[in-house]
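Chains as they are written, first to last, in this note's numbering: chain A, 434 to 513; chain R, 7 to 239.
For every residue, glycine included, the Cβ atom is placed at its ideal position computed from N, Cα and C.
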Amino acid sequence: MKARVTVTLKSGILDPQGKAIEGALKSLGVDGVASVRQGKVFDIELAGSDKAKAEAVLKDAADKLLANTVIENYRVELLG
Amino acid sequence: MKSAVLVFPGINREHDMARALKLVSGQEAAMVWHAETELPKGTDLVVVPGGFSYGDYLRCGAIAARAPIMDAVRKYADGGGLVLGVCNGFQILCEAGLLPGVLMRNSKLKFICKDVHLRVERSDSPFTRGYNAGQVIRVPVAHGEGNYEADEETVKRLEGEGRVLYRYCSAEGIVDEESNINGAAQSIAGIVNERGNVLGMMPHPENHVEDIMGCTDGRGLFAGLAAHLDKAA
Chain A
434 MKARVTVTLK SGILDPQGKA IEGALKSLGV DGVASVRQGK VFDIELAGSD
484 KAKAEAVLKD AADKLLANTV IENYRVELLG
Chain R
7 MKSAVLVFPG INREHDMARA LKLVSGQEAA MVWHAETELP KGTDLVVVPG
57 GFSYGDYLRC GAIAARAPIM DAVRKYADGG GLVLGVCNGF QILCEAGLLP
107 GVLMRNSKLK FICKDVHLRV ERSDSPFTRG YNAGQVIRVP VAHGEGNYEA
157 DEETVKRLEG EGRVLYRYCS AEGIVDEESN INGAAQSIAG IVNERGNVLG
207 MMPHPENHVE DIMGCTDGRG LFAGLAAHLD KAA
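Okay, here's the thing in structure tokens:
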């Protein structure tokens with residue numbers, strides 16, 4: 434089973450990297466970008482096909498390592 | 007003073023640290039590999055040195071913080087043992103949950119490698135007793151992610167409980183925006199945990215301990231620790 438964990442900065446947390454990217458887009462002439470926040474995507478392949486179990490495993494992975502929940506939120510998706 | 011210096015893949019300041027510890031305490035530090043599950047018996051001080059553990063993959067210090075040896079360090083700290091984390095070591099201690107907060111990218115996005123001034127906020131801690139409260143010391147920094155941040159309540163608690171031991175300042179000891187090199191909350195350069203036995207700091211005191219280095223201001227930190235341990239023993 435394939436899954437994706439998306440980690441994003443919590444709102445209110447300063448994101449200098451996102452700001453730099455936002456500035457670069459502006460200087461490239463890409464119009465209409467109001468703001469950019471940078472995050473991380475983890476594509477994970479899981480053994481087994483039990484969806485509930487898979488979600489629990491991914492949540493565990495995100496809590497223990499993939500995200501620093503002091504500053505980041507995460508979202509778990511099962512892609513089938 | 008029996009010190010244990012932790013070694014993770016990608017760490018590069020462990021020898022500087024071991025040299026400083028030897029210089030001040032006269033005793034050779036034990037180098038402890040990250041895959042170990044126990045600290046050497048009789049360890050007086052655990053040091054998590056600087057560098058780029060695991061190439062800063064995922065987040066600075068994130069992977070090292072989950073290494074087998076860190077369970078032993080957690081147990082050691084829970085028992086009141088002294089733990090010092092410098093630079094990447096500070097990041098590792100935060101990621102391991104031994105210290106609150108997080109070290110974010112420097113506010114101006116640049117890697118900063120230069121001498122900075124720090125104000126020692128109090129002298130009644132094992133990590134600062136080699137200095138006077140209010141004293142200004144000069145030590146180097148070398149980091150890209152040293153911008154200390156925590157939620158408002160945590161920062162308020164750190165301040166209220168006097169847990170900020172080192173703060174970025176000017177040569178005259180003035181804490182202002184200009185001297186706050188990386189944009190850290192409250193110009194925080196070093197904090198201790200609630201119990202006061204775990205210190206994390208971004209600057210490198212171990213690199214200002216000998217005349218040949220051009221400055222010996224960092225020596226006080228190690229000398230203070232040695233004096234504290236002597237008194238305790």
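Proximity winner among the options, relative to residue i (alpha-carbon distances)
i             : options                    : result
residue 72/R  : 66/R, 102/R, 44/R          : 102/R
residue 137/R : 227/R, 114/R, 29/R, 179/R  : 227/R
residue 194/R : 232/R, 33/R, 169/R, 64/R   : 169/R
residue 24/R  : 14/R, 36/R, 15/R, 17/R     : 36/R
residue 503/A : 184/R, 192/R, 20/R, 159/R  : 159/R
residue 166/R : 20/R, 192/R, 178/R, 180/R  : 192/R
residue 435/A : 442/A, 460/A, 481/A, 472/A : 481/A
residue 57/R  : 42/R, 63/R, 95/R, 129/R    : 95/R
residue 140/R : 123/R, 209/R, 156/R        : 123/R
residue 92/R  : 113/R, 55/R, 14/R, 127/R   : 55/R
Cβ pair residue i, residue j closer than 8 Å
i             : j             : result
residue 151/R : residue 125/R : no
residue 75/R  : residue 59/R  : no
residue 30/R  : residue 232/R : yes
residue 33/R  : residue 67/R  : no
residue 83/R  : residue 45/R  : no
residue 8/R   : residue 48/R  : yes
residue 171/R : residue 197/R : yes
residue 178/R : residue 22/R  : no
residue 466/A : residue 455/A : yes
residue 109/R : residue 154/R : yes
residue 451/A : residue 470/A : yes
residue 234/R : residue 135/R : yes
residue 53/R  : residue 99/R  : no
residue 512/A : residue 488/A : no
residue 475/A : residue 442/A : no
Under 8 Å from the C-beta of residue i: neighbouring residues of chain R
i             : result
residue 454/A : Neighbours of residue 454/A on chain R: none; closest Cβ ~11 Å, over 8 Å.
residue 504/A : 108, 110, 155
Proximal chain A residues relative to residue i, where beta-carbon distance stays under 8 Å
i             : result
residue 113/R : 447, 449
residue 65/R  : 501
residue 68/R  : 498, 501
residue 243/R : For residue 243/R there is no data in the structure shown, the boundaries of chain R being 7 and 239.
Chain-ordered chain A contacts of residue i [CB-CB under 7 Å]
i             : result
residue 169/R : By Cβ distance, chain A contributes nothing, its closest Cβ being about 17 Å from residue 169/R, past 7 Å.
residue 72/R  : 498
- Query: Does the region 202 to 210 of chain R come within contact of the region 87 to 99 of chain R, defined as at least 3 CB pairs closer than 8 Å?
  - Reply: yes
- Item | Stretch pair the region 129 to 148 of chain R + the region 219 to 237 of chain R: three plus CB contacts closer than 8 Å | yes
- Query: Along the chain, which unbroken stretches of the beta strand (DSSP E) at least 3 residues long are found entirely within the region 63 to 113 of chain R?
  - Reply: 88 to 92, 108 to 110
- Task: For the region 124 to 204 of chain R, list the beta strand (DSSP E) runs that are entirely contained and at least 3 residues long, ordered along the chain.
- Result: Entirely contained in the region 124 to 204 of chain R, the beta strand (DSSP E) runs reaching 3 residues are, in chain order, 142 to 149, 153 to 155, 170 to 175, 194 to 198.
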